[in-house]
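K.L.:
Protein chains: 2
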Amino acid sequence: MNETDPLVVFTPSGKRGRFPKGTPVLTAARQLGVDLDSVCGGRGICSKCQITPGYGEFSKHGVTVHQGALSEWNAVEERYDQKRGLKAGRRLGCQAQVMGDIVIDVPPESQVHKQVVRKAASARVIQMDPATRLYFVEVDEPDMHEPTGDLERLERALREQWEIPEITADLTLLSKLQPVLRKGKFQVTVALHQSHLDSVPRVIEIWPGLHESGLYGLAIDLGSTTVAAHLTDLESGEVKASSGIMNPQIRFGEDLMSRVSYAMMNPGGDQEMTRAVREAINTLAEEIAKEAEIDPSLIVETVFVCNPVMHHLLLGIDPVELGQAPFALATSDSMALEARELELSAINTRARVYVLPCIAGHVGADCAAVALSEEPGKSEDLALIVDVGTNAEILLGDKSRVLACSSPTGPAFEGAQISSGQRAAPGAIEAIRIDPETKEPRFRVIGSEKWSDEDGFAEEVGAGGITGICGSGIIEAVAELRMAGLMDESGLIGSAEATGTARMVAEGRTHSYLIHDATAEGGPRITVTQGDIRAIQLAKSALYAGARLLMDERGVDKVDRVVLAGAFGAHISAKHAMVLGMIPDVPLDKVTSAGNAAGTGARIALCNVGARREIERVVREITKVETAIEPKFQEHFVAANAIPHKTDPFPELAKVAPLPNPSFNTGGGEEGGRRRRRRG
Amino acid sequence: MNETDPLVVFTPSGKRGRFPKGTPVLTAARQLGVDLDSVCGGRGICSKCQITPGYGEFSKHGVTVHQGALSEWNAVEERYDQKRGLKAGRRLGCQAQVMGDIVIDVPPESQVHKQVVRKAASARVIQMDPATRLYFVEVDEPDMHEPTGDLERLERALREQWEIPEITADLTLLSKLQPVLRKGKFQVTVALHQSHLDSVPRVIEIWPGLHESGLYGLAIDLGSTTVAAHLTDLESGEVKASSGIMNPQIRFGEDLMSRVSYAMMNPGGDQEMTRAVREAINTLAEEIAKEAEIDPSLIVETVFVCNPVMHHLLLGIDPVELGQAPFALATSDSMALEARELELSAINTRARVYVLPCIAGHVGADCAAVALSEEPGKSEDLALIVDVGTNAEILLGDKSRVLACSSPTGPAFEGAQISSGQRAAPGAIEAIRIDPETKEPRFRVIGSEKWSDEDGFAEEVGAGGITGICGSGIIEAVAELRMAGLMDESGLIGSAEATGTARMVAEGRTHSYLIHDATAEGGPRITVTQGDIRAIQLAKSALYAGARLLMDERGVDKVDRVVLAGAFGAHISAKHAMVLGMIPDVPLDKVTSAGNAAGTGARIALCNVGARREIERVVREITKVETAIEPKFQEHFVAANAIPHKTDPFPELAKVAPLPNPSFNTGGGEEGGRRRRRRG
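Taken in order, these protein sequences are the chains called R and S. To convert, note that position 655 of the first sequence is 658 in the working numbering; the numbers rise steadily by one, no gaps. To convert, note that position 274 of the second sequence is 277 in the working numbering; the numbers rise steadily by one, no gaps.
(1) According to DSSP, is S:C309 part of a helix, a strand, or is it coil?
(2) Could you check which residue in S:D104, S:M131, S:P133 has the C-alpha nearest to that of S:H69?
(3) Provide the residue span of the alpha helix (DSSP H) that contains R:E275, from first to last.
(4) Is the stretch 628 to 637 of chain R close to the stretch 338 to 350 of chain R, with three or more CB pairs under 8 Å?
(5) Cα-Cα, which of R:A91, R:G20, R:R46, R:G36 is closest to R:T55?
(6) Which residue wins for smallest C-alpha separation from R:L174, given the options R:S403, R:D520, R:I496, R:R353?
(7) To the nearest whole angstrom, what separates the beta carbons of S:D554 and S:L399, a pair I think is in contact under 8 Å?
(8) Answer with buried or exposed for S:Q327, where buried requires no fewer than 16 other C-beta atoms within 10 angstroms of its C-beta.
(9) For S:E289, which of S:P311, S:C309, S:G247 has the nearest alpha-carbon?
(10) What is the residue span of the beta strand (DSSP E) that S:P211 lies within?
(11) Taking the alpha carbon of R:I646 as the point to measure from, which residue in R:I536, R:G558, R:S596 has its own alpha carbon closest?
(12) Please report the straight-line C-alpha distance between S:G17 and S:S596, rounded to a whole angstrom.
(13) Roughly how many angstroms lie between the CA atoms of R:G430 and R:I518, to the nearest whole one?
(14) Does the distance from the CB of S:G45 to the CB of S:L35 come in under 7 Å?
(15) Tell me, please, whether the CB atom of S:K627 is closer than 7 Å to any CB atom in chain R?
(16) Could you have a look at R:G549 and say whether DSSP puts it in helix, strand or coil?
(17) Going by other Cβ atoms of all chains shown within 10 Å of its Cβ, with 16 needed for buried, is R:Q533 buried or exposed?
(18) Taking the alpha-carbon positions, what's the R:F307 to R:L318 distance?
(19) Could you please give me the residues that DSSP links to R:W454 through a beta bridge?
(20) Taking the straight line between their C-alpha atoms, what separation do you get for S:L259 and R:S74?
(21) What residues from the stretch 327 to 340 of chain S come within 8 Å of chain R, judged by C-beta to C-beta, listed N to C?
(22) Would you please verify whether the beta carbon of S:G319 is less than 7 Å from any beta carbon of chain R?
(23) Check whether chain S comes within 7 Å of R:S113, counting only Cβ atoms and requiring the distance to be less than that.
(24) Report the option in R:V303, R:P204, R:A542 whose CA atom is closest to the CA atom of R:I421.
(25) Looking at the unbroken alpha helix (DSSP H) that takes in S:E346, where does it start and where does it end?
(26) Tell me, please, whether the CB atom of R:Q190 is closer than 7 Å to any CB atom in chain S?
(27) Using CA coordinates, which residue listed in R:T171, R:L200, R:E462 is at the minimum distance from R:V206?
(28) Give the list of continuous alpha helix (DSSP H) stretches no shorter than 4 residues that lie fully inside the stretch 4 to 72 of chain R.
(29) Could you check what DSSP says for R:G671 in three-state terms: helix, strand or coil?
(30) Strictly below 9 Å CB to CB, what residues from chain S border R:D555?
(31) Closer than 7 Å by beta-carbon distance: list the chain R residues that pair up with S:I632, in chain order.
(32) Measure from the alpha carbon of S:D273 to the alpha carbon of each residue in S:H314, S:L237, S:L234, S:T286, then state which is nearest.
(33) What ranges does the alpha helix (DSSP H) occupy inside the stretch 568 to 656 of chain S, keeping only unbroken runs of at least 4 residues that lie completely in it?
(34) For S:A614, would you say it is in contact with chain R, using Cβ-to-Cβ distances shorter than 7 Å as the test?
(35) With distances taken from CA atoms, which of S:I432, S:D298, S:S178 is nearest R:L332?
(36) Taking R:T522 as the reference, which of R:V115, R:T470, R:P27, R:Y219 has the closest Cα?
Written out as structure tokens, the structure reads:
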């Protein structure tokens with residue numbers, strides 16, 4: 004390089020340098036450390052290194068570019084353009100040579116570490132840095148005079164052409180290595196997995212010639228009720244399909260503790276449950292690959308997030324120790340596995356599996372994934388993050404310190420243990436308002452956007468009718484009963500006499516509030532009973548007590564903001580949650596929904612191998628609080644039983660719609676099935 | 004430590020140092036780096052650290068030892084002595100404390116790196132340094148206030164108690180970790196595998212409390228014809244049992260090339276052969292564990308040596324490329340595998356498998372094992388090492404350089420393609436002498452130590468009688484025919500007229516020599532035909548040509564010594580081999596037998612992990628010579644056709660018995676079945 008050589012400036016990085024005339028743009032980019040992709044290593048066949056040369060004057064960069072600053076369009080580019088089409092103004096970086104001063108833009112799709120912008124309001128981007136990548140190599144043919152194995156020559160090719168010093172491969176790969184090398188005339192593409200948990204990069208797959216059908220990964224949120232998966236393109240980061248199925252372990256027990264009991268009571272019961280969930284994951288993987296129209300063997304990575312019991316049952320470990328103090332995990336660290344170890348036969352047999360670390364015996368990899376997605380440890384203000392499910396995972400923290408616990412809310416928030424309760428599915432009442440004057444309800448059911456007092460509601464709800472009340476509906480109902488003056492602070496429902504409305508129905512020694520009665524047409528009678536109130540009180544007290552316990556530990560009595568995570572969190576009305584006392588009071592605009600944050604965390608770990616190291620570090624630094632042994636948890640639990648607000652704390656907002664689910668609304672954790680089935 | 008502290012001198016190492024009164028002998032040994040074993044880490048329960056204190060004056064060490072130089076016999080030692088018995092004069096190193104100047108002897112069985120002396124005349128010792136070892140640890144119980152996984156606490160215990168920084172474990176181990184820890188009250192013994200091919204030590208097995216049933220490994224010599232295994236105690240190095248079975252792949256083809264053809268002609272044929280050999284290995288492992296009366300799950304390591312085709316078929320790789328130039332191996336490097344990858348279900352499911360590296364497409368891991376056992380690269384004089392089988396592996400070298408090739412001798416040396424030929428089995432003629440005067444033969448058959456002209460021969464040979472002639476028998480027969488003047492240099496058998504003996508029988512246009520005729524009793528008629536001579540000439544020419552090719556490459560026309568390896572090599576008469584021109588002429592005392600050197604190499608690699616690194620380095624440095632493409636090989640082959648010696652080159656030795664088989668005579672490579680069946 005000397006001062007008379009042409010100056011090359013890359014945007015958006017701003018990196019610049021002088022290169023002799025005739026230097027390919029890709030070579031210049033590599034020497035400057037510019038993030039320009041290439042799978043074929045500059046052979047003009049993969050087209051990943053597309054760039055856009057700029058012509059004219061670039062005052063910002065101090066460069067005037069003349070026509071002829073790049074070599075002419077060549078035959079390789081012409082052939083590619085005719086075959087696949089190049090966007091106007093684009094060149095192939097490996098073909099175009101620097102001939103004069105030039106400004107070269109690297110478009111996002113040509114960057115290796117491209118950023119994937121999520122749909123979320125929070126707009127956290129995922130930077131692509133996947134563990135598994137494609138490399139095209141030309142391997143030396145075997146030579147009797149210098150006998151080496153084909154694997155050793157492939158290794159040499161990767162070392163010489165890609166500076167990868169060493170590789171390993173398992174027997175299933177070895178058994179196909181020789182035919183593939185020969186089919187590709189010793190030109191092959193390998194999918195290489197490099198992770199901080201594996202000392203040596205591993206060949207996951209090999210294809211003859213240039214492989215152009217992509218590479219995929221599955222981010223799986225394995226919940227007690229639902230298994231949700233996001234099929235992600237490992238090159239672009241794009242989610243190609245999302246799908247969920249019910250966790251078949253439900254037949255062994257609705258909640259986690261009944262499954263632990265099943266394992267304790269039935270010899271081999273844990274293995275039965277392990278088989279069931281692994282089969283379900285295989286089914287899900289097949290379905291999602293079919294939906295995205297890809298070959299399932301192109302799925303070369305899977306990331307799992309799950310609670311500790313599901314974690315153990317997925318791995319084939321008896322969860323019995325998690326059912327009793329001291330709630331010892333068999334292992335808490337993150338894990339790198341092979342698909343076949345988990346019998347995941349539906350995807351590539353050599354696919355790698357990453358399981359996020361667990362935080363504690365009750366606080367699982369799903370909570371770790373929420374921490375990865377929501378990053379409380381990077382928050383300037385003090386954030387309370389609640390992932391509501393059968394157990395609530397609670398994180399409290401800011402830059403100085405993060406605390407975590409799990410609280411046994413039970414299944415009431417999911418509509419279970421509620422007299423008219425049901426899962427979130429078409430026909431379930433999901434939102435309700437009670438007029439403070441008339442004490443009359445109006446409501447909305449899943450499957451319709453209309454309120455029950457709007458025209459056309461009956462037509463839309465259709466034959467299935469109104470079938471019950473789901474988690475978000477019961478929360479709103481209880482809060483509305485309180486604000487309408489139909490229930491006192493202790494949660495006691497008033498009588499028809501005391502409240503002056505016939506909606507109050509005596510049932511034995513207590514009263515219920517009648518929402519909907521279709522018994523005349525053979526339909527259901529939907530009420531909120533005193534028992535329902537008690538169940539919700541227990542659940543919300545547990546949630547609140549967990550949050551309070553972390554606040555005590557942190558030495559604060561208020562938080563700056565609240566994040567509701569979980570697909571369920573996306574549908575809870577923040578106002579009603581605060582009226583109920585589920586969460587500490589904060590200004591309404593300080594309550595946000597993170598959608599399926601656990602699923603998002605899984606996707607981040609799938610797309611960025613650095614995020615795996617990051618969450619492993621974060622988990623080690625989190626202060627773990629065990630609710631089961633803290634006497635103060637009981638105190639907070641009892642104290643939280645009351646329903647404090649007797650009026651609307653946010654009267655300026657006449658109608659508070661459920662928060663929009665900002666992202667990932669097709670999947671879901673514990674309650675992920677809801678939206679899926681509703682839209683399906 | 005100061006100058007008034009007692010002086011401790013350890014023998015045989017001679018290491019010495021001063022230690023404060025009350026220092027346990029084990030602690031002193033560790034601080035000085037003395038090789039003193041301990042599994043329990045000084046807790047007085049494993050008894051591996053036994054030492055013998057010396058009393059009196061030790062002029063060599065300048066120490067006078069008084070009674071009381073060690074603390075008194077304590078309760079722990081008393082309990083152990085009553086339970087198991089301690090040899091007279093022995094103390095437990097972890098209990099006995101230094102109280103005054105003392106000389107302490109570490110007996111061989113208390114040394115970790117104990118040396119195992121082989122029975123061989125060459126007396127090469129194996130130094131114990133196995134990859135898998137036992138560690139007793141006390142693991143912290145789980146604590147809700149500091150939640151960590153059981154695996155992570157086991158890791159911490161190994162770090163704190165044994166300075167092992169990091170461990171890993173697979174899912175099958177994880178699934179038993181929690182019950183075993185609790186059964187052992189958090190005191191467990193782990194078998195930990197540490198190898199240069201694995202970045203992190205791996206837990207292979209875990210037992211509650213102190214594990215005292217030992218730890219075993221299998222050294223397996225996987226030949227085309229026979230699979231031989233040596234069950235070895237990984238603590239003492241002792242061979243507990245040796246056994247062999249026929250390779251069931253014989254039904255797909257007698258020799259390697261017919262198996263390669265079978266794979267080429269039959270879709271899935273390679274997998275059929277892979278299944279067959281893996282099943283055979285499982286059967287062998289079961290049998291050998293039964294014979295040694297050990298639990299097969301205590302077999303935690305296996306080392307394989309084999310030729311390239313068997314190597315590929317064991318690993319599940321189609322060997323088709325090995326059947327045609329350029330004879331490309333799928334992989335040539337050594338391999339670290341899990342038993343389950345090879346479907347070795349008879350041994351511990353987590354057992355580790357080490358496969359020695361291959362040298363070239365025709366020169367396998369078996370030849371590498373011979374190099375490990377015979378160490379041509381450490382030889383002062385130029386050694387020619389020949390492992391005779393269906394293919395002959397040939398090594399030539401000394402300290403300056405080692406060369407290797409493989410030569411296609413064909414199966415004639417094993418009795419195949421010989422008119423009266425048979426495998427080495429009872430009834431086979433294995434040695435023969437022809438009287439130069441009378442031209443009459445006398446011979447010995449497998450199953451009897453008597454010669455055919457000795458009294459009682461007929462009784463000993465028994466009902467089975469004389470059935471044929473095996474490899475060593477045909478070699479002797481051809482050489483004796485030459486020395487008796489019954490055959491010329493070109494290998495042409497003379498007529499009855501020309502030789503003056505009726506033993507010469509005309510058969511068509513050529514003649515045969517009649518050794519034994521039992522047709523009158525319905526038995527066989529055993530002759531050496533002109534065709535037999537031609538077959539042996541082809542085989543010996545190939546062997547000789549291979550050796551000559553290496554000598555050319557090395558620029559020499561003679562070697563200093565010859566080593567015959569292989570169980571077959573152990574039975575060849577060196578004199579007859581030289582008369583025949585199988586091997587270059589050297590003084591008779593410069594021909595030695597290495598016995599089953601490949602099996603010995605496997606055992607060395609099993610017992611000493613450093614030997615694995617060593618052979619990997621050696622193999623990289625060996626000069627590989629490919630006979631198939633060297634025009635000079637053909638020249639040497641043609642030139643070697645003649646049988647040069649017409650008289651006994653060693654007339655001073657009237658009768659030359661076969662060389663004794665110095666070691667490993669129960670197993671065997673290609674022909675290992677012989678001795679086994681003979682003695683069985």
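For glycine and all other residues, C-beta sits at the position ideal for the given N, C-alpha and C.
P.N.:
On the basis of the coordinates in this document:
(1) In the second sequence, residue 309 of chain S corresponds to position 306, counting from 1. Here S:C309 sits in strand by DSSP.
(2) Sequence index remark: in the second sequence, residue 69 of chain S carries index 66 (1-based). It is S:D104.
(3) Position 272 of the first sequence, counting from 1, holds the residue named residue 275 of chain R. Counting along the chain, the alpha helix (DSSP H) containing R:E275 begins and ends at 272 to 294.
(4) no
(5) Here residue 55 of chain R corresponds to residue number 52 of the first sequence, with the count starting at 1. Of the candidates R:A91, R:G20, R:R46, R:G36, the one whose C-alpha sits nearest the C-alpha of R:T55 is R:A91.
(6) Taking the first residue of the first sequence as 1, we reach residue 174 of chain R at position 171. When only C-alpha atoms are compared, the closest one is R:R353.
(7) Indexing the second sequence from 1 puts residue 554 of chain S at position 551. Indexing the second sequence from 1 puts residue 399 of chain S at position 396. It is Met, not Asp, that sits at residue 554 of chain S in the sequence shown. Confirmed, Cβ separation roughly 7 Å.
(8) Numbered from its first residue, the second sequence carries residue 327 of chain S at position 324. So S:Q327 counts as exposed.
(9) Residue 289 of chain S sits at position 286 when you count from the first residue of the second sequence. Answer by Cα proximity: S:G247.
(10) Start at 1 with the first residue of the second sequence, and residue 211 of chain S comes out as number 208. 205 to 211 is the span of the beta strand (DSSP E), which, as asked, contains S:P211.
(11) For the purposes of this step, residue 646 of chain R is identified with residue 643 of the first sequence, where counting begins at 1. The shortest Cα separation from R:I646 among R:I536, R:G558, R:S596 belongs to R:I536.
(12) Your numbering for residue 17 of chain S matches position 14 in the second sequence. Your numbering for residue 596 of chain S matches position 593 in the second sequence. Straight-line Cα distance between these residues: approximately 37 Å.
(13) Along the first sequence, one-based indexing puts residue 430 of chain R at 427. Along the first sequence, one-based indexing puts residue 518 of chain R at 515. When rounded, the distance between both Cα atoms is 14 Å.
(14) If you number the second sequence from 1, residue 45 of chain S lands on position 42. If you number the second sequence from 1, residue 35 of chain S lands on position 32. No. Outside cutoff.
(15) Residue 627 of chain S sits at position 624 when you count from the first residue of the second sequence. For S:K627, the answer is yes, since a Cβ of chain R falls inside 7 Å of its Cβ.
(16) On the first sequence, position 546 is the one that residue 549 of chain R refers to. In the structure shown, R:G549 sits in a helix (DSSP, three-state: H, G or I).
(17) For the purposes of this step, residue 533 of chain R is taken as the residue at position 530 of the first sequence. When all chains shown are included, R:Q533 counts as buried.
(18) Position 304 of the first sequence, counted from the first residue, corresponds to residue 307 of chain R. Position 315 of the first sequence, counted from the first residue, corresponds to residue 318 of chain R. Distance between the alpha carbons of R:F307 and R:L318 is about 11 Å.
(19) In the first sequence, residue 454 of chain R corresponds to position 451, counting from 1. DSSP, once it has assigned bridges, lists R:R447 as partnering R:W454.
(20) Numbered from 1 along the second sequence, position 256 holds the residue referred to as residue 259 of chain S. Numbered from 1 along the first sequence, position 71 holds the residue referred to as residue 74 of chain R. Taking the straight line from one Cα to the other gives about 57 Å.
(21) A328, P329, F330, A331, L332, A333, T334, S335, D336, L340
(22) Looking up residue 319 of chain S in the second sequence gives position 316. Chain R contact via Cβ: present.
(23) Here residue 113 of chain R refers to the residue found at position 110 when the first sequence is read from its first residue. Cβ-Cβ to chain S under 7 Å: no for R:S113.
(24) The residue labelled residue 421 of chain R in the question sits at position 418 within the first sequence. When each option's Cα is compared against that of R:I421, the closest is R:A542.
(25) The residue you call residue 346 of chain S lines up with position 343 of the second sequence. Premise fails: S:E346 is in no alpha helix (DSSP H) and is neither H nor E.
(26) Taking the first residue of the first sequence as 1, we reach residue 190 of chain R at position 187. No - not a single Cβ of chain S is within 7 Å of the one on R:Q190.
(27) The residue you call residue 206 of chain R lines up with position 203 of the first sequence. Closest option to R:V206, Cα to Cα, is R:T171.
(28) 28 to 35
(29) Here residue 671 of chain R is taken as the residue at index 668 of the first sequence, counted from 1. Any answer about R:G671 is weak, because its pLDDT of 33 lies below 50 and its placement is not dependable; what the coordinates show is given next. The answer is coil: DSSP assigns R:G671 none of H, G, I, E or B.
(30) Translated into the one-based positions of the first sequence, residue 555 of chain R becomes position 552. Chain S residues near R:D555: none, gap ~15 Å exceeds 9 Å.
(31) Here residue 632 of chain S refers to the residue found at position 629 when the second sequence is read from its first residue. The contacting residues are M147.
(32) Against the second sequence, residue 273 of chain S aligns to sequence position 270. Comparing Cα-Cα distances from S:D273 to each of S:H314, S:L237, S:L234, S:T286, the minimum goes to S:H314.
(33) 569 to 572, 577 to 583, 600 to 610, 612 to 624, 634 to 642
(34) Here residue 614 of chain S refers to the residue found at position 611 of the second sequence. Closer than 7 Å: no.
(35) The residue labelled residue 332 of chain R in the question sits at position 329 within the first sequence. The shortest C-alpha separation from R:L332 is found at S:S178.
(36) Looking up residue 522 of chain R in the first sequence gives position 519. Selected option, being the one with the closest Cα: R:T470.
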